[in-house]
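Remarks on the structure that follows.
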Amino acid sequence: MKNSFWNNRKVFITGHTGFKGGWLTLWLKSLGAEICGYALKPESKKSLYYEAEVSKGIDSNLNNILNYKVLSQKISQFSPEVVFHLAAQPLVKKSYKCPQETFSTNISGTINLLESLRHSKTVKSIVVVTTDKVYKNKESKKGYKEDDSLGGFDPYSSSKACCEIITNSYRSSFFNNNNLRIGIATARAGNVIGGGDYAENRLVPDIFKSIEENKALKVRNIKSTRPWQHVLDALNGYIILAESLYHNCQKFSEAWNFGPNFKDCKKVEWILKEFQKKYNFEVIDTSNTMKVHEANILNLDISKSIKKLNWVPKLEINDAIHLTSQWFNLKKNGQLPSQIINDQINYYTDKINNNYSKL
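Heads up, our numbering is the position in the sequence shown plus 115, with the first residue counted as 1.
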């Protein structure tokens with residue numbers, strides 16, 4: 116990642132009111148980027164968007180990505196050079212309750228964005244964020260590679276697999292044109308953790324909710340394995356990919372995995388025990404009462420991103436847990452979330468530059 120690349124760069128981010136979108140917005144803003152965000156208003160006042168004042172100093176638009184007219188007008192007015200697409204219905208459990216909303220937001224929303232960008236005269240780099248769950252899950256310990264078969268049992272996973280196919284279609288049909296020269300790639304990240312995530316039915320947010328409310332934590336899939344990683348590792352991958360697309364659209368316009376090293380792909384129960392070393396909370400295993408399907412084993416092969424993008428995960432799982440816990444503790448003690456995030460970004464940047472500062 117080259118900090119100078121982002122200074123005064125015009126960046127359009129969908130989903131900037133969400134967890135990853137908020138962190139990405141704050142990081143790029145700190146690098147001097149001119150940012151336009153487009154997303155739904157957060158469902159609750161308890162959100163990173165409000166707590167960290169994500170909207171400060173950017174053009175923040177609280178609109179629905181399904182509104183093609185408003186979206187396309189905003190893109191035309193802003194004239195972005197780089198686009199990150201994170202707007203989505205991102206929860207597996209909710210996708211079972213609201214499948215139509217999930218498919219509509221994730222599929223039609225992606226089409227609306229790409230259709231708007233197809234007519235842009237300024238954009239050169241597009242990163243469409245999907246998920247590690249796009250793969251046809253074979254319950255194998257072997258990490259999935261980018262050319263493995265797509266699948267998706269639940270509505271969320273299948274909607275994101277559709278996004279991969281749609282993106283590939285737009286790439287082949289419209290963006291792979293000598294006159295356009297627009298780079299477009301998909302980013303498939305693992306289970307991301309970090310401060311400021313308040314989504315329901317996610318393990319780490321539920322841990323802190325149980326601590327704050329002094330209630331037992333009900334956990335499904337306690338034996339499941341996931342590729343856990345800190346939000347900054349995933350975002351660093353997205354940022355490097357966007358830069359690479361900008362400079363060489365033909366070489367990097369494809370799918371990319373961003374996850375932890377294989378040794379950091381841990382079971383849910385391992386994560387719980389690590390947090391229980393720091394906090395006192397009770398866990399109730401509800402695996403036997405589950406009524407919906409979720410994958411038991413999910414690992415990613417990140418060798419392609421390491422080799423071709425020169426991206427590597429800088430934070431081990433214990434580092435990710437430490438930074439997430441630190442965020443919670445400092446916020447509880449009155450420190451501003453925006454300052455905590457800024458300090459953690461600086462810490463991470465030092466690690467990228469092999470200057471190992473401590474937090």
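No residue lacks a Cβ here, since even glycine has one placed at the ideal position from N, Cα and C. Predicted, not measured: the structure shown is a model, and the values here were computed from it.
{"Check": "For the candidate residues Ser145, Ile436, Phe268, whose alpha-carbon lies nearest to that of Asn306?", "Outcome": "Ile436"}
{"Check": "What does the Cβ neighbour count give for Arg303, buried or exposed, with the cut at 16 atoms within 10 Å?", "Outcome": "buried"}
{"Check": "Count the other CB atoms, across all protein chains shown, that sit within 10 Å of the CB of Ile299; report buried if there are 16 or more and exposed otherwise.", "Outcome": "buried"}
{"Check": "Within its chain, find whatever has a CB closer than 8 Å to the CB of Ile226; leave out the 5 residues flanking it on each side and keep chain order.", "Outcome": "Ile281"}
{"Check": "Figure out for me which residue from Lys423, Lys184, Gly311, Glu149 has the closest Cα to the Cα of Ser159.", "Outcome": "Gly311"}
{"Check": "Classify Ile399 as buried or exposed, calling it buried when 16 or more other Cβ atoms lie within 10 Å of its own Cβ.", "Outcome": "exposed"}
{"Check": "First and last residue of the beta strand (DSSP E) that includes Pro342?", "Outcome": "340-345"}
{"Check": "Taking three-plus beta-carbon pairs below 8 Å as touching, is the region 357-368 in contact with the region 227-242?", "Outcome": "yes"}
{"Check": "In the DSSP output, what is Gly152 paired with across the bridge?", "Outcome": "Ile128, Ser175"}
{"Check": "Please specify which runs of the beta strand (DSSP E), each continuous and at least 3 residues long, are wholly inside the region 275-329, giving them in chain order.", "Outcome": "298-304, 306-308"}
{"Check": "Just to check my reading of the structure: Val249 and Leu228 have Cβ atoms closer than 8 Å, yes? What is that Cβ distance to the nearest angstrom?", "Outcome": "About 18 Å separates the two Cβ atoms, so there is no contact after all."}
{"Check": "What did DSSP end up calling Cys380 once you bin it into helix, strand or coil?", "Outcome": "strand"}
{"Check": "Grouping DSSP H, G and I as helix and E and B as strand, with all else coil, what is Ala357?", "Outcome": "helix"}
{"Check": "Taking Asp400 as part of the beta strand (DSSP E), name the residues at either end of that continuous run.", "Outcome": "398-400"}
{"Check": "Residues in its own chain within less than 8 Å of Asn475 by CB, not counting five upstream and five downstream?", "Outcome": "There is no way to answer for residue 475, as the model of the chain reaches only from 116 to 474."}
{"Check": "At what residues does the beta strand (DSSP E) containing Trp371 begin and finish?", "Outcome": "370-373"}
{"Check": "Could you give the DSSP three-state label for Ser240: helix, strand or coil?", "Outcome": "strand"}
{"Check": "Quickly, what does DSSP pair Val197 with across the bridge? List them, please.", "Outcome": "Val126, Ser240"}
{"Check": "Considering just the uninterrupted stretch of the alpha helix (DSSP H) at Val207, what are its terminal residues?", "Outcome": "207-212"}
{"Check": "Grab me the residues of Ile322's own chain with a C-beta within less than 8 Å of its C-beta, minus the 5 sequence neighbours each way, in chain order.", "Outcome": "Leu332, Leu387, Phe390, Tyr394, Phe396"}
{"Check": "Three or more C-beta pairs closer than 8 Å, one from the region 329-349 and one from the region 440-447: is that the case here?", "Outcome": "no"}
{"Check": "Checking the sheet assignment: what are the DSSP bridge partners for Lys333?", "Outcome": "Ile399"}
{"Check": "Less than 7 Å between the C-beta atoms of Asn411 and Glu254, yes or no?", "Outcome": "yes"}
{"Check": "Spatial neighbours of Pro428 within its chain, please: CB distance less than 7 Å, with the 5 preceding and 5 following residues excluded, ordered by chain position.", "Outcome": "Gln344, Asp348, Pro375, Asn376"}
{"Check": "Going by alpha carbons, who is nearest to Phe199 out of Glu216, Gln215, Tyr153, Lys209?", "Outcome": "Tyr153"}
{"Check": "Would you mind working out which of Trp385, Lys392, Lys422, Asn372 sits nearest Asn414, comparing C-alpha positions?", "Outcome": "Asn372"}
{"Check": "Measuring alpha carbon to alpha carbon, tell me which residue in Ser223, Thr340, Tyr313 is nearest Glu327.", "Outcome": "Tyr313"}
{"Check": "Should Trp385 be labelled buried (16 or more other beta-carbon atoms within 10 Å of its own) or exposed?", "Outcome": "exposed"}
{"Check": "Quick check: the Cα distance between Leu232 and Ile128, rounded to an integer number of angstroms?", "Outcome": "13 Å"}
{"Check": "Val319 and Lys135: beta carbons closer than 7 Å?", "Outcome": "no"}
{"Check": "Give the DSSP bridge partners of Leu265, in chain order.", "Outcome": "Tyr250"}
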